[in-house]
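Worksheet: one structure, shown below.
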Amino acid sequence: MYFHEAETLERGKLEELQVERLKKTIELAANSPYYSEIFKKNSIDPSIIRTADDITKLPFTTKDDLRSQYPHGLLTQSLDNFVRLHASSGTTGTPTAVLYTQKDLDTWADLMARSMYSVGLRKSDVFQNMSGYGLFTGGLGIHYGSERLGCLTVPAGAGNTKRQIKLIRDFNVTGLHIIPSFALYFAQKVRDEGYDPAEMPWRVALIGAEPHTEHTRRKIEELMCIKAYNSYGLSEMNGPGVAFECMEQEGMHVWEDSYIAEIINPETGEHVAEGEVGELVMTTLTREGMPIIRYRTRDLTRFIPGQCKCGRTSRRIDRIMGRADDMLILKGVNIYPMQIEKIIMGIPEVGQNYLIELINEGLMDQIRVKVEIKEEHFIEDMRALQGIQKKISSMLRDEILITPRVELVQHNSIPKTEGKAVRVVDLRSKEA
Ligand code: AMP
Ligand code: ZN
């Protein structure tokens, strides 16, 4: 059962469609001040695209390029044709703004509805969007997708756990959109409020917007008694609904009739071999107001080889392993926060949250990992706690090759933000 015929297009046909849409995208992009200059400089026009692989003839677009063009440099039409603005969640420097025409919003809502359909949500579902609204695309993006699918849609927004639970119970909410770090916290809150998650009406959760491991997904599924599906998107490519897990939960289908995905070696810019990890590069194929070509997402993933059991023909990407910018270099070793999460969330005594702190230890940099421990283990004696601490520390050493400091803390003691979780804090300058 599919929402749109594009989901099962034969690969040859899909590529034909991509070529046609890529040509159109180049033609449209040439109307923006930014791309018109780039295209002139590099003698680019639609005729250089004959196959989908010819996309490599086009230059990359980076976050810095978008920043330098803020606020209007990428628009292909006059401002009065646009009806919505979103911005990426970066907290520093000039934001990157994304503007949508009404047609762009419609296309996006269709993609989002398709994504929700692929995880078993239907018109008869009641869907609560528990992520923040505002400039963040996870609010209105998911909201309009849910309405497009025909669900009764509850724009609950972030926070206010008690009201969330009341709405879920009173309106028999069957589908949720929730950020993974908040889901872990929320699962506990539901219990603290005296409810059994198994008796809640929910069935399906869309989780995304931030990197998380398979262990974290399983933990959310177990704690909430729900099926959780990975949802990937970024403002520069509209927002959510770019790549989505199907019910097989074996990687995220990229909606390739609307986006071309490439995975490159971030150093050389060349495509990596099939199945190898690299930086995801994305091109819009169905956006008219602000097309973006070969956008370097900085997100690290790989294509999953082979075809999915669900019958969809689109390629799948693996869960995001982290962002190229998240890499920590400590004592000469490269470490990604997700490597740490992978270990921590697999340990049974660990509760719902953790925090990585970069500290000074003498003249050296060191990592301190604060780990919330389940309540029942916190009342154990010192020796048992030390045992847990040692176990975590040695398992982390095996993964990241250096021995971090591990500090066990009580559950719910690490501050929780409502939006995307802050996983790493740099305390080095303060403690020096
Ligand atoms: P923004 O445009 O501000 O909403 O941020 C988009 C970024 O959020 C992406 O480039 C990813 O780094 C991250 N992100 C979104 N969805 C996921 C996901 N399912 N897994 C991991 N990271 C994600
Ligand atoms: Zn599938």
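First residue of the sequence shown? That's 1 in my numbering, and the numbers climb one at a time after it. Think of the CB as a built atom: it goes at the ideal place given N, C-alpha and C, for glycine as much as any other residue.
Query, Result
"Considering Cα atoms alone, identify which of E262, S88, R316 and N412 is closest to K57.", "E262"
"In chain order, what residues have a CB nearer than 6 Å to some heavy atom of ligand 2?", "C246, E248, H253, C308, C310 and R312"
"Once you ignore the five residues that flank E431 on each side, which residues in its own chain have a CB closer than 7 Å to its CB?", "Low local confidence applies: a pLDDT of 47 at E431 is under 50, so the model's placement there is unreliable, and no value is given."
"Buried or exposed: N31, going by 16 or more other Cβ atoms within 10 Å of its Cβ?", "exposed"
"I'd like to know whether the C-beta atoms of G229 and N353 end up nearer to each other than 8 Å.", "With the sequence shown as reference, residue 229 is identified as Tyr, and Gly is not the correct amino acid for it. The answer is no: Cβ separation not under 8 Å."
"Return the residue from the list E341, F182, T76 and S146 that minimises the CA-CA distance to V173.", "S146"
"Quick one: what does DSSP say E418 is sitting in, helix, strand or coil?", "coil"
"Quick check: what's the CA-CA separation for Q102 versus E349?", "49 Å"
"Tell me the start and end of each unbroken beta strand (DSSP E) in the stretch 318 to 344 that is at least 3 residues and wholly inside, in chain order.", "328 to 330 and 333 to 335"
"What is the DSSP secondary structure of Q102, reduced to helix, strand or coil?", "helix"
"Grouping DSSP H, G and I as helix and E and B as strand, with all else coil, what is L85?", "strand"
"Just how far apart, CA to CA, sit W255 and D381?", "52 Å"
"Since D192 is in the alpha helix (DSSP H), which residue starts that stretch and which ends it?", "P180 to D192"
"Are the stretch 70 to 81 and the stretch 108 to 119 in contact at 8 Å, needing three or more beta carbon pairs?", "no"
"Specify the secondary structure class of V173 as computed by DSSP and reduced to three states.", "coil"
"By the 10 Å Cβ neighbour count, where 16 or more other Cβ atoms means buried, how is L285 classified, buried or exposed?", "buried"
"Where does L140 sit, in a helix, a strand or coil, going by DSSP?", "helix"
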